[in-house]
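My numbering puts the last residue of the sequence shown at 207; the count rises by one with no breaks.
Quick reminder that beta carbons are idealized off the backbone N, C-alpha and C, glycines included.
Heads up, the thing below is written out as structure tokens.
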Amino acid sequence: MFWDTVAGVYDVFVHVINRRAHKALCHIVSDLFTPSDRVLECACGTGLLTKVIAQRCRHLTATDYSAAMLKRAERNCAAFSNIAFRQADISALEFPDGAFDKVVAGNVLHLLDAPLRALSELDRVLKPGGTLIIPTYMNKSDKGTNSAFSRAVGKAGADFKRQFTVESYRQFFLDAGYGDVRIELARGRIPCAVAVMTKKDTWRRQT
1 MFWDTVAGVY DVFVHVINRR AHKALCHIVS DLFTPSDRVL ECACGTGLLT KVIAQRCRHL
61 TATDYSAAML KRAERNCAAF SNIAFRQADI SALEFPDGAF DKVVAGNVLH LLDAPLRALS
121 ELDRVLKPGG TLIIPTYMNK SDKGTNSAFS RAVGKAGADF KRQFTVESYR QFFLDAGYGD
181 VRIELARGRI PCAVAVMTKK DTWRRQT
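Laid out in structure tokens, this is it:
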């Protein structure tokens, strides 16, 4: 798997290559949690947001599909006692309905064959009135061309299924049935847009 292969060097991308955007991303996300929250994080990678969330919530379940990424995240977050690490498939989560107050999925939707199926699962395990927090890299320019980043990682082996601009990213969630999509942009070499939404009882699950 590509992500198992790059797990050992992924922190260089996180903390050096795209440091400015990730610093802004952490600042945006840090204000979205309370000390009583039970949180699920999918696609935790090597733990960039995991550390931020764990400092601000009651309990965090951090998951990733890549065992190597998960192992590195656990090592990077060893100082926290309120995190449970689990390998998981974002499109088939083994958690009960409404189990979490907040659900986070960072920089993963553009990699999925069926992103609406994953979104349905994230919504299912979130309690009514809970918050979805979904950051994703903006890998397409406003002119409609793919960014140098998406071209480079595509050549390296990452299979991008979608390329988003801020507006097409917002529209993705509007089309999925959310009417309260708030987007905040973390600027940097590779910008990251953070989508924040509230689960509605009337949201129609899609696959």
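Taking 6 Å as the limit between beta carbons, can you name the residues of its chain near residue i, skipping five residues before and five after?
| i | result |
| --- | --- |
| G144 | Because the pLDDT at G144 is just 47, under 50, the model does not fix this residue reliably, and the value given afterwards should be weighed accordingly. Hits under 6 Å: none found. |
| F80 | A54 |
| G188 | N18, R20, A21 |
| K155 | Residue placement at K155 is poorly supported in this model, since its pLDDT is 45, which falls under 50; the coordinates still yield a value, given next. Hits under 6 Å: none found. |
In chain order, what residues of the same chain have a beta carbon less than 7 Å from the beta carbon of residue i, not counting five sequence neighbours either side?
| i | result |
| --- | --- |
| C77 | G47, T50, K51, A54, I83 |
| V228 | In the structure displayed, the chain extends from 1 to 207; residue 228 sits before or after that span and is not available. |
Taking residue i and residue j to be in contact with their CB atoms under 8 Å, please state how far apart those CB atoms are, rounded to whole angstroms.
| i | j | result |
| --- | --- | --- |
| A73 | G98 | With 8 Å as the limit, A73 and G98 do not qualify as a contact, their Cβ atoms being about 25 Å apart. |
| A186 | I28 | 6 Å |
| C57 | F33 | 5 Å |
Less than 8 Å separating the beta-carbons of residue i and residue j?
| i | j | result |
| --- | --- | --- |
| D101 | D37 | yes |
| C42 | A105 | yes |
| K199 | P128 | yes |
| L122 | L132 | yes |
| M197 | F173 | yes |
| Q21 | I190 | Note on residue identity: the sequence assigns Ala, not Gln, to residue 21. Yes, these two residues count as a Cβ contact at 8 Å. |
| A62 | I90 | no |
| V125 | V103 | yes |
Using a 10 Å radius around the Cβ and a threshold of 16 neighbouring Cβ atoms, would you call residue i buried or exposed?
| i | result |
| --- | --- |
| A193 | buried |
| L171 | Going by the sequence as given, residue 171 is Gln instead of Leu. Counting Cβ neighbours within 10 Å, Q171 comes out exposed, since fewer than 16 surround it. |
| D64 | buried |
If we ignore side chains and look at the alpha-carbon of each, how far apart do residue i and residue j end up?
| i | j | result |
| --- | --- | --- |
| R75 | M69 | 10 Å |
| A67 | Q87 | 6 Å |
| Y178 | F164 | 17 Å |
| D31 | L60 | 16 Å |
| C26 | V39 | 16 Å |
| D175 | P35 | 32 Å |
| G130 | K71 | 28 Å |
Suppose the cutoff is 8 Å on Cβ atoms and the five residues either side in sequence are ignored; what does the same chain contact list for residue i look like?
| i | result |
| --- | --- |
| E94 | A88 |
| Y169 | T136, M138, I183, A193, A195 |
| K161 | H110, L111, L112, D113, P115 |
| P96 | V125 |
| A92 | E121 |
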